[in-house]
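A.B. asks: One structure, pasted below without further comment.
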Amino acid sequence: MHTPRHRLAPVAALGLTAVLGLTACSTGQTASASGDGDVKKVDGKISLTYLQKQGDQEYFVGEAAGAKAKAAELGIDLKVVNLGNDANKTVSEVQSAIAQKSNGLIVVVPDPAVGPQVVQAARDAKVALLTSDDQICTTGPDPAACAKSDLVPRIGFSGEQMGGEVGKRAAEEFKKAAWNPAETRTISAWKQDVTVCGDRVKAAKAAFATGSGAAVQNIDVATDNTPTGAQDKVAATITANPGVKHWVVWGCNDENVQGAVTALQNAGVGPDDIDGVGLGAYLACKDWKSGKPSGMKAALFINGKDVGALAVQTAYDRLKNGKAFPAEAFAPTRMVDAATWQAAGVNCS
């Protein structure tokens, strides 16, 4: 992890006029931006700070590794900061990065409510601002209630595409098992104030309904996006639904699905009666690696390294070449299971 070594000519502001001028898109194509000419190129070495929530989580560890590798390739001074789940630390670390003369900030916020503060700090200091994974709004605390034109440019994955793939695979497993819809429930588990999570779950529900062709009752479970949090909430859900024989599970990430699967298995539900489809594969693979039967039937492999590298490249293109930020840019995904995860390159340490 490198710290900035040089005082560089500051980049002109990625001001609100530039950010607000971006129109969100689902293709990852570059969006036009008003005030784009106000952003100046950086002469000399670029200094970036990558601030991540849950930096010790497997996905974000990979993201940091991808960012560092790309920074080394491009000759960028990069500092990676683990914010944990502390929203207050987000603001203080943004201020610290600005004080250390970072030309650009890439942020994964623990809580989107700090978005306007982060945007204001970046604007006042005249540094470029890019988010990865989770969205933040320039004008309010809730990205879900934010106009698309007010969202800060983001690098990550398409929530709609990912959720759609998860729901499609869950439907395939459901049909293969030939379960009675009346004896089955779907569980959608996610942290409900995270916009990208809502996008994923909504798409999963729609794809499952289309793919299964069955009317299966869904249960929404609000979690904190951790395995233990999901396990506790799903355990209560199981208790409240004693007549259910079969369970289909999806969520915002692998943590939610693994926690749900663990709760179900602890409640005596066998792997053959659980259709869990993860999102990430970094936890799902641990079940498959053990060789034991598992309710985790598949997972969408999302590689954090790809996002970290793409975020750094995007920031570099902006600061070095004056290329406008895309409203969104997406990394590729791939569905894997017990038979294919190793060949796909899933890191299961």
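Heads up: the sequence shown is residues -24 to -1, 1 to 325, going by mature numbering (1 follows the signal peptide of the UniProt record, and there is no 0). Cβ atoms here follow ideal geometry from the backbone N, Cα and C, with glycine treated the same way. Every value quoted in this text rests on a predicted model; they were computed, and no experiment measured them.
Helix, strand or coil for residue 82 per DSSP?
C.D. replies: Counted from its first residue, the sequence shown places residue 82 at position 106. In this structure, residue 82 counts as strand in the three-state DSSP scheme.
A.B. asks: I need the straight-line Cα distance from residue 314 to residue 42, nearest angstrom please.
C.D. replies: Within the sequence shown, the letter at position 338 stands for residue 314. Within the sequence shown, the letter at position 66 stands for residue 42. About 25 Å.
A.B. asks: Residue 227 and residue 165 - do their beta-carbons sit closer together than 8 Å?
C.D. replies: Numbered from its first residue, the sequence shown carries residue 165 at position 189. Numbered from its first residue, the sequence shown carries residue 227 at position 251. Taking 8 Å as the Cβ cut-off, residue 165 and residue 227 qualify as a contacting pair.
A.B. asks: Are the region 18 to 31 and the region 49 to 65 touching, with three or more C-beta to C-beta distances below 8 Å?
C.D. replies: Touching, yes, given that three or more Cβ pairs across the two stretches are closer than 8 Å.
A.B. asks: Restricting to runs no shorter than 3 residues, where is the beta strand (DSSP E) found entirely within the region 167 to 242?
C.D. replies: Taking only runs of at least 3 residues, the beta strand (DSSP E) segments lying wholly in the region 167 to 242 are 193 to 198, 222 to 227.
A.B. asks: Contact between the region 298 to 310 and the region 82 to 101: three or more CB pairs below 8 Å?
C.D. replies: They do not touch, by the three-pair rule.
A.B. asks: Starting from the N-terminal side, write out each stretch of the beta strand (DSSP E) that is 3 residues or longer and does not extend beyond the region 5 to 76.
C.D. replies: Qualifying beta strand (DSSP E) stretches, in chain order: 23 to 29, 53 to 60.
A.B. asks: Is the region 168 to 177 in contact with the region 130 to 140, if contact means three or more CB pairs nearer than 8 Å?
C.D. replies: Touching, yes, given that three or more Cβ pairs across the two stretches are closer than 8 Å.
A.B. asks: Please name the residue in 116, 71, 180 whose C-alpha comes closest to that of residue 97.
C.D. replies: Sequence index remark: in the sequence shown, residue 97 carries index 121 (1-based). Taking only the C-alpha atoms, the option nearest residue 97 is 71.
A.B. asks: Give the secondary structure of residue 115 by DSSP, where H, G and I count as helix, E and B as strand, and everything else as coil.
C.D. replies: The sequence position of residue 115 within the sequence shown is 139, counting from 1. Three-state result, residue 115: coil.
A.B. asks: Take residue 220 and list the residues in its own chain whose beta-carbon comes closer than 6 Å to its own, dropping the five residues that flank it on each side.
C.D. replies: For the purposes of this step, residue 220 is taken as residue 244 along the sequence shown, with counting starting at 1. Here the set comprises 161.
A.B. asks: What ranges does the alpha helix (DSSP H) occupy inside the region 242 to 314, keeping only unbroken runs of at least 4 residues that lie completely in it?
C.D. replies: Whole alpha helix (DSSP H) segments, 4+ residues: 260 to 266, 280 to 297.
A.B. asks: Please look up how many angstroms separate the CB atoms of residue 206 and residue 252, rounded, as I've assumed it's under 8 Å.
C.D. replies: In the sequence shown, residue 206 corresponds to position 230, counting from 1. In the sequence shown, residue 252 corresponds to position 276, counting from 1. Not quite, the Cβ-Cβ distance comes to about 11 Å (not below 8 Å), so this is no contact.
A.B. asks: Near residue 286, what residues of its chain come up, given a Cβ to Cβ distance below 7 Å and the 5 sequence neighbours on each side ignored?
C.D. replies: Along the sequence shown, read from residue 1 onward, the residue named residue 286 stands at position 310. Excluding sequence neighbours, residue 286 sits near 131, 305, 307.
A.B. asks: Helix, strand or coil: how does DSSP classify residue 143 here?
C.D. replies: As a first step, residue 143 is located in the sequence shown; it is residue number 167 there, counting from the start. Residue 143 falls in the helix class under three-state DSSP.
A.B. asks: Residues bridged to residue 158 by DSSP?
C.D. replies: In the sequence shown, residue 158 corresponds to position 182, counting from 1. Answer is none; residue 158 lacks a bridge partner.
A.B. asks: Measure from the alpha carbon of residue 275 to the alpha carbon of each residue in 149, 46, 73, then state which is nearest.
C.D. replies: Here residue 275 refers to the residue found at position 299 of the sequence shown. The option with the nearest alpha carbon to residue 275 is 149.
A.B. asks: Would you kindly check if the distance between the Cβ of residue 271 and the Cβ of residue 250 is under 8 Å?
C.D. replies: Reading the sequence shown from its first residue, position 274 is the one you call residue 250. Reading the sequence shown from its first residue, position 295 is the one you call residue 271. In contact: residue 250 and residue 271 (Cβ atoms closer than 8 Å).
A.B. asks: I'd like to know whether the C-beta atoms of residue 86 and residue 118 end up nearer to each other than 8 Å.
C.D. replies: Along the sequence shown, one-based indexing puts residue 86 at 110. Along the sequence shown, one-based indexing puts residue 118 at 142. Contact flag unset, no.
A.B. asks: The beta strand (DSSP E) with residue 104 in it runs from where to where?
C.D. replies: For the purposes of this step, residue 104 is identified with residue 128 of the sequence shown, where counting begins at 1. Run containing residue 104: 104 to 108, per the beta strand (DSSP E) assignment.
A.B. asks: Does the Cβ-Cβ distance between residue 211 and residue 243 come in under 8 Å?
C.D. replies: On the sequence shown, residue 211 is found 235 positions in, with the first residue counted as 1. On the sequence shown, residue 243 is found 267 positions in, with the first residue counted as 1. Closer than 8 Å, so yes.
A.B. asks: Using C-beta distances below 7 Å, list every residue in its chain close to residue 4, excluding the 5 sequence neighbours before and after it, in chain order.
C.D. replies: Along the sequence shown, read from residue 1 onward, the residue named residue 4 stands at position 28. In this prediction, residue 4 scores a pLDDT of 36, lower than 50, which makes its location untrustworthy; the coordinate-derived value is nonetheless stated afterwards. Here the set comprises 302, 304, 305, 306.
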